[in-house]
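Protein chains in written order, with my numbering: chain A, 6 to 338; chain B, 6 to 338. Backbone N, C-alpha and C fix where the C-beta goes; we use that ideal spot for every residue, glycine too. All figures in this text were calculated on a predicted structure; none of them were measured in a lab. Reading through the structure tokens given below for one structure.
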DNA sequence: ACATTCATTACAAACGGTTTCATTGCAAGC
DNA sequence: GCTTGCAATGAAACCGTTTGTAATGAATGT
């Protein structure tokens, strides 16, 4: 590969001049510029980013840590991050962490060893658990989607509690009183938030919350199917299931089907996230829209701000959600 | 950030010794090694990857170009690539190209400007169209999934023609004779391959191929829904739909439902890819399993070989597919 | 005619490591 | 006691760019 020296020699100038031909062409005389560009073209010269970045001490790269890249919701957030990244000429290193603390710690180290300028974390683990210095450490870090807005670093997500309350309110408005809850993993902040929101609406409506009607399992279709099986076997009088993700709801639909329920007549099922497949379920899923792409976009914008300004904005963006009414929740007579 | 100089000074040795403490500790005496590591630890020294990579003239990074990261099939391939990448200590830059030639060209340039060591392309565009030197250029390149096995560079995928023929054979074996085809985008190699496989089985069985029963549209649920609407409006006597992807099939199920078909009794529908959601459709989708993760793993392994050996293996891996029989295809009486 | 200014370009240092080669000191062999 | 060999370490070059500073020469002003 030709390098700057070669171009300089061919054009009869110094390497500095070649460099300026790219970075600051107005500083060069018409003729020199032309000569340099011709030489570069002839030698097919492409400046080495490696050398450039080394000198600039920047990587122009942001690390995105995803618990599971094959999860459609995360994939959509990454898609939003991407969009803003290319706009701002950043590259994205994507790491599928499998929600593993050790791998996430290595990820954070990539900033300290200057392999990346900053980290966007889609997982729930806060920076303080990922770095020996805990709260003290000040690397560019943004947490998205599974944001816990108590930390010192910026977060982007939705108000899970309010969104869950909204859906619960809707179920109540449709006449449901005995509502089962198909929760995700019990120890997750999102799960607790959404459960809290669910209870909020219940108590607001004066409907007692039934601890027995809650089943926890993985945030997946298989998890939803298992949880629904257990719950439906245990409580036969439920009129609706409040599912904490669309995938859980899709699993629940399968389970209810297999149990002989006619949907949505015998049982109403609500989802959460609004993934594309929900629209194509039978029955089409009533759910809560979560602006996944937009969350990614905002997260990356925030990251860009931090990297440009070296400042750490203390923002906790809560993007708006929406109730998406389709057919999986039925009004009781 | 502390650098090698500081550690050297504190430990009372030269920078070279500190460097060796990491790269070749056996060369150092017990006492020096200990002193150096203690000093490094005290200063929280982390070697700058940027400097290391610059000197090594490697990036330890592979670019993955994905037409659409939010597509579950591609996401699973990326997941497989990831797995092998971490094993081999490579980082992945993921670029969502939107199947755009200009963006892909920029991606390929990343190798020439040493931002990445190689490129894995999940899109259909071959390297020869992405580089001014066309066939001549020899950058580490692997094409996966949408592989066109005619090129000079390695590819990993399935035998689309054979897999499609297998599914068509199955439909025929279930007694179907009037089979509609919901194809993806007409100009794609995969589409043509799968269509060819479909025809292969038909002619093998002596069943005439009906040009009129083919509808092209996007490889998406919306595309499948549209195509199915058009086809079902035009030809009311079909007993089965051969869909070129699970997403298309899912869209078709919706369309058939809305048209009043009772599935699978009135109409059989087959998919392709075996995405997770297919299992949760109503009815559960009969489809062709495509080993997406494995395709990613093999692609990345190949890339590692190329990067290690500087050789360009002339392999075209065809991984095995499987018929996944569920309920969306019914046996005709 | 001389000082001043400005545009243009070259020189060399710097970025933070790694690695080659040279040097030192010590132990073993004769 | 002198040579030889080896282990341990240091000095310095190097990777390919950018950029601050200096140098050059032409143009301008008085």
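- By the Cβ test, the stretch 36 to 55 of chain B is not in contact with the stretch 103 to 111 of chain A, since fewer than three Cβ pairs between them sit closer than 8 Å.
- Given a length threshold of 4 residues, each whole run of the alpha helix (DSSP H) inside the stretch 194 to 253 of chain A is given here in chain order: 194 to 209, 226 to 239.
- Contact of residue 246 of chain B with chain A is not assigned, every C-beta pair being separated by 8 Å or more.
- Contact fails between the stretch 171 to 190 of chain B and the stretch 139 to 157 of chain B, because fewer than three Cβ pairs, one in each stretch, are under 8 Å apart.
- Residue 321 of chain A is bridged by DSSP to A:160.
- DSSP places residue 282 of chain B within a helical segment (H, G or I) once states are collapsed to three.
- Separation of residue 294 of chain A and residue 15 of chain B (C-alpha to C-alpha, rounded to the nearest whole angstrom) is 57 Å.
- Residues of chain A whose Cβ lies closer than 9 Å to the Cβ of residue 81 of chain B are, in chain order, 74, 75.
- Residue 149 of chain A: member of the beta strand (DSSP E) spanning 146 to 149, first to last residue.
- DSSP, read as helix, strand or coil, puts residue 73 of chain B in coil.
- Contact note: residue 99 of chain B reaches chain A through 97, 99, using a C-beta cutoff of 7 Å and chain order.
- At a beta-carbon threshold of 9 Å, none of the residues of chain A lie near residue 270 of chain B; the nearest stands roughly 15 Å away.
- In summary, residue 211 of chain B is exposed, with fewer than 16 beta-carbon neighbours lying within 10 Å of its beta-carbon over all protein chains present.
- Look at residue 302 of chain B: its C-beta is not under 8 Å from any C-beta on chain A.
- The Cβ neighbour count for residue 260 of chain B, taken over all protein chains shown within 10 Å, is at least 16; the residue is labelled buried.
- Here residue 169 of chain A is not near residue 193 of chain A, since their CB atoms are 8 Å or more apart.
- For residue 130 of chain A, no chain B residue has a Cβ inside 7 Å of its Cβ, as the nearest lies near 18 Å away.
- CA-CA distance, residue 227 of chain B to residue 195 of chain A, rounds to 31 Å.
- Proximity of the stretch 92 to 106 of chain B to the stretch 67 to 82 of chain B meets the contact definition, three or more beta-carbon pairs being nearer than 8 Å.
- The beta carbon of residue 136 of chain B does not come within 8 Å of any beta carbon belonging to chain A, so the residue lies off that interface.
- Interface annotation for the stretch 38 to 57 of chain B against chain A: 51, 52, 53, 54, 55, 56, criterion Cβ-Cβ distance under 8 Å.
- For residue 281 of chain A, the C-beta contacts it makes with chain B under 7 Å involve 226, in order along the chain.
- For residue 113 of chain B, the uninterrupted alpha helix (DSSP H) segment begins and ends at 106 to 117.
- Along the stretch 256 to 269 of chain B, the positions whose C-beta sits under 8 Å from a C-beta of chain A are 256, 258, 259, 262, read in chain order.
- By the criterion of at least three beta-carbon pairs nearer than 8 Å, the stretch 254 to 274 of chain A is not in contact with the stretch 295 to 308 of chain B.
- Residue 264 of chain B and residue 230 of chain B have their C-alpha atoms roughly 11 Å apart.
- According to the DSSP secondary-structure assignment, residue 327 of chain B is paired through a beta bridge with B:294.
- Your pair residue 97 of chain A and residue 67 of chain A checks out as a contact, with CB atoms roughly 6 Å apart and the cut at 8 Å.
- Residue 306 of chain A is bridged by DSSP to nothing; it lacks a bridge partner.
- Taking all protein chains shown into account, residue 337 of chain B has fewer than 16 neighbouring C-beta atoms within 10 Å of its C-beta and is therefore exposed.
- Distance check between residue 149 of chain A and each of A:326, A:322, A:330, A:26 places A:322 closest, using alpha-carbon atoms only.
- With 16 or more other CB atoms across the displayed protein chains lying within 10 angstroms of its CB, residue 165 of chain A is buried.
- Annotation: Cβ neighbours of residue 87 of chain B in chain A (cutoff 9 Å, chain order): 74, 99, 100, 101.
- Taking 8 Å as the threshold, the shortest C-beta distance from residue 64 of chain B to chain A falls below it.
- Here DSSP, grouped into helix, strand and coil, assigns residue 127 of chain B to coil.
- For residue 117 of chain B, a Cβ of chain A is located within less than 8 Å of the residue's own Cβ.
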